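Sequential numbering from 1 applies to the sequence shown in the UniProt record's numbering. Backbone N, C-alpha and C define an ideal beta-carbon position, used for all residues, glycine too. From a predicted model like this one, the values you see are computed outputs, not experimental measurements. Everything on this sheet refers to the single structure shown next.
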Amino acid sequence: MTGALDGIRVLDLSRVLAGPWATQILGDLGAEVIKVERPGAGDDTRAWGPPSAELGGEQFSAYYLTCNRNKQSIAIDMALPEGSALIRRMAREADILVENFKTGDLARYGLDYDSLRAINPRLIYCSVTGFGQTGPYAGRGGYDFLVQGMGGLMSVTGKSADDPVKVGLPVIDIFTGLYATIAIQAALHHRERSGEGQYIDCALLDTSVAILANQGMNWLIGGVTPRPMGNSHPNVVPYRAFATADGHVIVAVGNDKQFVALCRVLGRADLAGHPDYLTNELRNRNRATLEPELEREISGWNSPDLLAAMEAARVPGGPINRIPEVFADPQVQARGMVVPVATPAGQDTPQVRFPPIMTASPATIRRAPPALGADGSAILRGLGLDDTEIQRLSATGAISLPEPNQGRK
């Protein structure tokens, strides 16, 4: 079975995470992805170790390995006329281009959307920036941490407004990559009907505002400024972590029936029938009196015993796993979330698979993350260049080719 995007060619000019996350998803779904990198250095994240793994004699940082599988790599210096001309030649045959340069930068090399649309009207061109192509911040660089603060996420994360905390993962980059992927696939469907490509403007700040979700709507509708609440939920009670005799558990009661079942597990039927706690609205209003009662009861339980009792009573809950425990979890293992992928050197590198399982056009991992420029010669031959021309381009510095045995046994 082939992937849903088999036959689609992606030209990936992006670096770090948001753009590469999007192009990796497209690759998982079957697209051919060609990653264009800077000669000598490559994607910034190649140097973002430790930890790193030595594969075929080259160091690969864990960060780079996270978001660059199912891609081919070519090293081109776009600042040289021959380098930018090569990229334009590749764009002529591409279906999708993804880039994350600062607003206006690629126009200097004739690689902006208007220039490439003139030679390929069917091209879907996706720009990922911190603040988008318009507005007073358009010229600024944007980073996940910066935008977590500017976009409100840090104001609702942590225990206190006096000690703002970022989320432990680069969620703005990841969500922007997901939104970019969704938009690109919608643009492919539009092109199938109309024959025309289009420009997609993705901004980290726009994403941050969009994922405020219920917290943003709490302000827009209720005029309530959300505040950090630790592990508590602003709208649902009880829905938080509780201390047990040997650690912590999560209690995630989503409706009144589950609350009654939790009270029975804890031997506190009186709480289930208390007039202050009969509905979620009442529990939310009266959490200051309810939660100390729950804390007292839960603190006497061992975590495994409480979770087993909650599962038997169909009360949602779970442990707070560390990363090693996540990958050792029997459910994670049963779902095959970690897939060993062979490199050209014959070594395996672990990859976390594309999460959805599709029955007719499954996502696949066909290539390990590439060494810098590893596929340059093959890509250029596919464009019709012969070995003499490839060597000439290498001599001018327009391209950089790896050593003959780099990345192989």
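In the DSSP assignment, what residue or residues form a beta bridge with residue i?
i	result
residue 35	12, 73
residue 248	243
residue 319	249
residue 349	341
residue 60	53
residue 400	75
Compare the Cα-Cα distances from residue i to each of the options and report the closest residue.
i	options	result
residue 179	209, 351, 359	209
residue 176	203, 166, 32, 264	203
residue 366	340, 359, 121	340
residue 14	22, 7, 8	22
residue 372	86, 26, 39	39
residue 54	335, 343, 314	343
residue 199	69, 112, 307, 337	112
residue 33	77, 98, 45, 17	98
residue 30	275, 69, 304	69
residue 224	106, 214, 230, 232	214
residue 309	325, 249, 330	249
residue 183	125, 237, 103	125
residue 421	262, 148, 240, 261	With the chain running from 1 to 409 in the structure shown, residue 421 is simply not present.
residue 83	338, 67, 106	106
residue 313	355, 327, 262, 336	262
residue 299	1, 228, 246	246
residue 11	294, 123, 42	123
residue 268	296, 284, 381	296
residue 320	67, 138, 383, 241	241
residue 228	205, 186, 274, 167	167
residue 315	381, 94, 257, 129	257
For residue i and residue j, I'd like the C-alpha separation in whole angstroms.
i	j	result
residue 161	residue 152	12 Å
residue 3	residue 50	34 Å
residue 352	residue 24	12 Å
residue 194	residue 116	19 Å
residue 165	residue 81	45 Å
residue 394	residue 400	6 Å
residue 311	residue 332	18 Å
residue 290	residue 264	15 Å
residue 134	residue 173	19 Å
residue 37	residue 52	19 Å
residue 8	residue 141	30 Å
residue 118	residue 158	49 Å
residue 287	residue 253	13 Å
residue 307	residue 230	21 Å
residue 170	residue 211	13 Å
residue 102	residue 86	21 Å
residue 334	residue 110	49 Å
residue 385	residue 114	26 Å
residue 71	residue 56	17 Å
residue 387	residue 65	30 Å
residue 391	residue 46	25 Å
residue 396	residue 58	25 Å
residue 16	residue 60	14 Å
residue 409	residue 346	Residue placement at residue 409 is flagged as unreliable, the pLDDT there being 39, under the threshold of 50; the coordinate-derived value follows with that caveat. Computed Cα separation, rounded: 7 Å.
residue 378	residue 163	52 Å
residue 407	residue 376	Only weak support exists for where residue 407 lies, its pLDDT of 47 falling under 50; the coordinates are left without a value.
residue 462	residue 146	Here the chain comprises residues numbered 1 to 409, so residue 462 is not present and cannot be evaluated.
residue 398	residue 77	5 Å
residue 108	residue 6	33 Å
How many whole angstroms separate the CB atoms of residue i and residue j, which I take to be in contact at a CB cut-off of 8 Å?
i	j	result
residue 349	residue 368	5 Å
residue 201	residue 127	6 Å
residue 120	residue 92	5 Å
residue 412	residue 218	The chain is shown only over 1 to 409; residue 412 falls outside these bounds and no answer can be derived.
residue 96	residue 26	7 Å
residue 244	residue 155	In fact, because the Cβ distance is near 30 Å, the residues do not count as touching under 8 Å.
residue 19	residue 100	4 Å
residue 237	residue 280	7 Å
residue 251	residue 317	5 Å
residue 402	residue 374	6 Å
Taking 7 Å as the cut-off, is the beta-carbon of residue i closer than that to any non-hydrogen atom of the ligand ATP?
i	result
residue 357	In the structure shown, the ligand ATP is absent, as is every other ligand, since no ligand is present at all.
Tell me where the alpha helix (DSSP H) around residue i begins and ends.
i	result
residue 394	387-396
residue 375	Looking at the DSSP string, residue 375 is not in any alpha helix (DSSP H), and its letter there is neither H nor E.
residue 354	Here residue 354 belongs to no alpha helix (DSSP H), and DSSP marks it neither H nor E.
residue 211	Element bounds for residue 211: n/a, residue is neither H nor E.
residue 129	Careful: residue 129 lies outside any alpha helix (DSSP H), inside the beta strand (DSSP E) at 124-129.
residue 280	280-285
residue 269	269-272
residue 188	171-194
residue 23	18-28
residue 236	Segment: none, residue 236 is in no alpha helix (DSSP H) and carries neither H nor E.
residue 133	Careful: residue 133 lies outside any alpha helix (DSSP H) and carries neither H nor E.
residue 114	113-119
Looking at the unbroken beta strand (DSSP E) that takes in residue i, where does it start and where does it end?
i	result
residue 198	198-203
residue 99	96-99
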